[in-house]
Amino acid sequence: MASAPEVKGTDAAGATPARWRIALVEDDEDLAFTLLYSLRKDGRFDPVRYAGGLVALDEMTERPPDLVLLDLNLPDVDGLTICRELRRHETTRRVPILMLTARAEERDKLLGFDLGADDYVTKPFSMKELVARIVAHLRRAGGAGATADDAFDDGRLRVDRSRHLVEREGRAIHLTKKEFDLLWLLIKSGGRVVSRETILSRLWDYAADVETRTVDVHIRSLRKKIGDDVVETVVGVGYRFPT
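Residue numbers for the sequence shown follow the numbering used here, beginning at 2 and rising by one.
In C-alpha cells, the structure reads:
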C-alpha cells in the first residue's frame, strides 16, 4: 500500500493529520457501503456519500472535496452532466474526478475524458486498484505546479504549461488535465519514443500492467482534438511527438 500522504492540516489541538475528503456519488446501496467501509478502514480518507447527483453538485461546489468518485448512472441526472458542471465551476475545476461505471465502451470513456474526467474505472473493480488510483491522483493534484516559463511553440502547435493553454494554428483547444500532461510528457521527451508503461508510471503512478489501454484511449482523444499528426505510433514500442 502507498505511503501515508503529506499532512494537509491539523485539528484544533494541532495533533491529528487531516484526511483526504472523498465525495462518493453512487446510488447503489451495496456498492456505496463497500466503498465507504473500505475507504474509512484505510485510514487516509474521509468519504462522504451522495445518492443523487443534484444534491452532490450543490454541496461539492460549496465545499469542494479533494477527489470525486462519480457513478455515471444516477437516478436524477447523468454523471456526465455532473462531471461537466464540476469542470465549469471555479471551486471544483481542478478537483480530480474518477468515473465509476459499468459502461465499458470506448466511446463512453472518450466522452467522459472529453468532459473533464481524470480516470475511468469499469465495474467490477479491485478495491486495491481503486485506492491506488485515488492516491495517485491526489498526490498529483497536490504536487508542485508547473514552472511559469514552461512553454512550447513550433509554429503550428503552441503549448503554455503555466496557463494550461493549447493552440493549433491559432485555434484554442480544450484538453483535460490528463490529456495535457500526456501531451507535455511527449513534447518534453524530445522526439524519443515513450512506452505505454512509462506513461502509466509517470502520469498515473500505479503499476504499468493495470490497464495500458488507458494510454491508448487518451492518445486517441489527443489525436481527435489536435490532429492525427500530433502523436506518432511506434508499433510495439510506444508513442512519440514528431519533431
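Backbone N, C-alpha and C fix where the C-beta goes; we use that ideal spot for every residue, glycine too.
Fair warning: this is a prediction, and the values are worked out from it, not measured in the lab.
Supposed contact pair residue j and residue i - C-beta distance, whole angstroms, cut 8 Å
i      : j     : result
Ile83  : Val26 : 7 Å
Leu101 : Asp77 : Not confirmed; about 17 Å, so no contact.
Gly117 : Thr35 : Wrong, their Cβ atoms sit about 26 Å apart, outside the cutoff.
Residues sharing a beta bridge with residue i, DSSP
i      : result
Met100 : Leu71, Tyr121
Leu158 : Arg169
Trp21  : Phe46
Val26  : Tyr51, Leu71
Gly239 : Val235
Ala152 : Asp161
Glu195 : Sequence inspection shows Val at residue 195; the Glu mentioned does not correspond to that position. Answer is Tyr240.
Beta carbon proximity, residue i to chain C, threshold 8 Å
i      : result
Ala137 : Annotation note: the requested chain C is absent from the structure, which comprises a single protein chain.
Residue burial classification, residue i (beta-carbon count within 10 angstroms, cutoff 16)
i      : result
Asp120 : buried
Arg64  : exposed
Thr244 : exposed
Lys179 : buried
Thr92  : exposed
Ala103 : exposed
Tyr51  : buried
Arg162 : buried
Pro66  : buried
Arg89  : exposed
Arg134 : buried
Asp150 : Low confidence applies to Asp150: its pLDDT is 44, below 50, so where it sits in the model is not reliable enough to give any reading.
Phe242 : buried
Beta-carbon proximity of residue i to residue j, cut-off 8 Å
i      : j      : result
Arg260 : Trp21  : With the chain running from 2 to 244 in the structure shown, residue 260 is simply not present.
Asp115 : Ser222 : yes
Tyr240 : Leu204 : no
Val231 : Arg224 : yes
Leu87  : Ile23  : no
Val238 : Ser196 : yes
His165 : Phe181 : yes
Ile174 : Ile220 : no
Leu184 : Val160 : yes
Gly113 : Leu81  : yes
Val132 : Asp43  : yes
Leu158 : Arg169 : yes
>> Under 8 Å, with one C-beta from each stretch per pair, do the stretch 180-197 and the stretch 85-99 reach the 3-pair mark?
In response: no
> Does the stretch 20-40 touch the stretch 65-80, meaning 3 or more C-beta pairs lie closer than 8 Å?
Replying inline: yes
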